[in-house]
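Add 2 to the 1-based position in the sequence shown for this note's numbering, that's all there is to it.
Where is the CB? At the ideal position from N, CA and C, for every residue including glycine.
Inspection log for the structure reproduced underneath, given as structure tokens.
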Amino acid sequence: MDPAVIHTSYLINLASDDEKIAAGSVRLLRKELEVAAAGEIRYVNTHLGSYGTRPRHEGFANACRLLENALDGIPPGVELVLENSAGAGQLCGGTLDELGDFIKTLGHPQLGICIDTAHAWAAGYEINTQRGVDGFLYEAAEKIGLDRIRMFHFNDTQVPLGGNRDRHYHIGEGNIGFEGFRALAARPELHDRTAILETPGDDADDIRNMQTIRAIFKGVGAAV
Ligand SMILES: [Zn+2]
């Protein structure tokens, strides 16, 4: 299976204002990067966490220091991939601006971004139409660089646009719908990216969601 991905523990909170949690998070992250290298796993995908009670700019600077520490000595062949959040309250990484700021501030070649479609929608990005997806990717190209988007989490969601809640739903059956996923699938420059489904339910749901996403990609002429 290639590429394989490690999804880090939800205990990781790189934005945390609690010294202990922040230090523990970076230790855990460094460990995951080593495990990935040992297992020849290409991507370590992590959430950024929440700033807690602290002003965003302070939290951002601290998260950068921790990420710098994690990236310092990152083994070759492994990439650290930061995931966008649903953008609630003090959550870190809900906007393309903020994700782009991490990429620019850290300037590390082994740092990438993961776009979770359900989180993007919940954060207010209207990716349910061709026009909306084009606008989103235009902004992502400007602020992050499309080459830095290494991975997608394809999830639909029933949360209202900008609802800031992290709830995943079956592909094509939520607010992003077929049109949104079709528009994403239609972009040839993204075809070699890794995509992961994190949809809910049992094995039968997983099979249905896999079939749906494959049909969407085939429908736009992409190899899957
Ligand atoms: Zn995700």
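- Message: Can you confirm whether the segment 116-130 touches the segment 55-74 when touching is taken to mean that 3 or more C-beta pairs between the two stretches lie within less than 8 Å?
- Response: no
- Please classify ASP149: does DSSP put it in a helix, a strand, or coil? Three-state result, ASP149: helix.
- LEU113 beta carbon less than 9 Å from that of LEU69: yes
- Message: To the nearest angstrom, how far is the alpha carbon of LYS33 from that of ILE14?
- Response: For the pair LYS33 and ILE14, the Cα-to-Cα distance works out to about 12 Å.
- Would you kindly work out how many angstroms separate the C-alpha atoms of ASN41 and ILE198, rounded to a whole number? One point to set straight first is that residue 41 is Gly, not Asn, in the sequence displayed. So the alpha carbons of these two residues sit roughly 19 Å apart.
- For ligand 1, any of its heavy atoms closer than 8 Å to the Cβ of ASP149? no
- Query: Applying the criterion that 16 or more other CB atoms from any shown protein chain within 10 Å of the CB defines a buried residue, is GLU81 buried or exposed?
  - Reply: buried
- Buried or exposed: which applies to TYR12, given that a residue is buried once 16 or more other Cβ atoms fall within 10 Å of its Cβ? When all chains shown are included, TYR12 counts as exposed.
- Message: ASN71 and VAL37 - do their beta-carbons sit closer together than 9 Å?
- Response: Remark: C-beta atoms of VAL37 and ASN71 do not approach each other more closely than 9 Å.
- Task: Go ahead and pull the three-state DSSP assignment for HIS172.
- Result: For HIS172, the secondary structure class from DSSP, reduced to helix, strand or coil, is coil.
- Meets three-Cβ-pair contact criterion under 8 Å: the segment 172-191 and the segment 96-103: no
- Message: Let me confirm a value: VAL226 is counted as buried when at least 16 other C-beta atoms fall within 10 Å, else exposed. Which label applies?
- Response: exposed
- Query: Do ALA239 and ligand 1 come close, with the Cβ less than 8 Å from some heavy atom?
  - Reply: Missing from the structure shown is residue 239; the chain here goes from 3 to 226 and no further.
- Message: I need the straight-line Cα distance from GLY75 to PRO111, nearest angstrom please.
- Response: 12 Å
- Query: Given a threshold of 16 other Cβ atoms within 10 Å of its Cβ, counted over all protein chains shown, does ILE117 qualify as buried or as exposed?
  - Reply: buried
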